[in-house]
Each structure stands twice: as C-alpha cells, then as structure tokens.
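Under our numbering, the first residue of the sequence shown carries the number 31, and numbering increases by one thereafter.
Glycine included, C-beta positions come from ideal geometry on N, C-alpha and C.
Nothing here was measured: the structure is a model prediction, and the numbers come from that model.
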Amino acid sequence: MSREEQLETIKSILTPLLLDDIFLVDIKIKPINNIKVYLDADAGLPIERCSKINRSLYRTIEEMELYPDGNFSLEVSSPGLSEPLRMHRQYLKNVGRELEVTKTDDTKVTGKLLVVDEEKIMLEFTEGKNKKAVVHQVEIPLTEIKVSIVQIKF
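(1) Measuring only the C-alpha atoms, how far is K161 from K66?
(2) Can you tell which of P61, E34, I175 and I151 has the C-alpha that lies nearest to the C-alpha of T134?
(3) Looking at the unbroken beta strand (DSSP E) that takes in I65, where does it start and where does it end?
(4) By a C-beta neighbour count over all protein chains shown, 10 Å radius and 16 as the cutoff for buried, is S178 buried or exposed?
(5) For the beta strand (DSSP E) that M152 lies in, which residues bound it at each end?
(6) Using alpha carbons as the reference points, say which of D99, V168, E92 and S86 lies closest to L44.
(7) Which residues share a DSSP beta bridge with E105?
(8) When you compare the region 121 to 130 with the region 87 to 94, are there three or more beta-carbon pairs, one atom per stretch, that lie closer than 8 Å?
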C-alpha cells in the first residue's frame, strides 16, 4: 500500500472519531511507519481527548491489519506552539492573538490578528512608542501567506 493510500485510509478511520469541534490539521507517516496525527479544536484540545482518539485509532488500524506485522507507532497530538497555522479554522481560533506572518515575498509582519475571512486576514501593529506611537492595520490575502506562527507573550 502506498503512503498516499495509507494516509487516505487513516483519514477515513479518523473522521468518525472526531467530534464537531475537533478537526484534522495534518497526518505524517515516516518511513519507519511512525504515524503522527495532528488535531486541533475550536476551544482547545485536552490531552485526554487526544488519548481517547489515539486508542480508538490504534485499535482500528490493528483490526484492519493496515500494517500486517504490527510494526507501526501512532502519536495523536495538537500542533505545538511553534507549528505554523495550516487551516482557515486555525486562524479563526486565534483571533486576538499575536501572529508573525511571513509573506510569499519573504517579508514579515507581526501583529494582533483582528479579522479573518475567506480571502484575507487583518493584523494590527504599533510603530513607535509613547506619543509617537502609530497604530497600523494591514490586510494580507491568504494567497500571499507563506507561514503564520502564533507568538506567545509572557
């Protein structure tokens, strides 16, 4: 079975396991049959839900004998903080947070995510300090976004 066929089979097994607020971000399969499933949820994804989905998915993969010799490993998690946003739904979830956006021309814009629609996002950022501070808002078409990463402030 090709990697593409494996991915499609795992997606088809996974889909009924996901509740309305949980969505698939990505699946990666390494050559050593290490399967990594990245899920996210509109209101955050607790580890208990990842564990439950992991157990169900693992059991079904074994029952279907997707890897007849049983030689596979499975990890189900949410994307880490350093992982880029991949889906429109992830942008919606992160409205109000700070994003660093690398555009297709390799310029970077960092600002608070204000608006997300089907075609673009809007960031707000401040240049200067105190009385010289100027607030800017910039619209960035989704087609011009190379990478977007949520910035964590402490």
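So, from the listed chains and residues:
(1) 49 Å
(2) I175
(3) N64 to A71
(4) buried
(5) K150 to E157
(6) S86
(7) K66
(8) no
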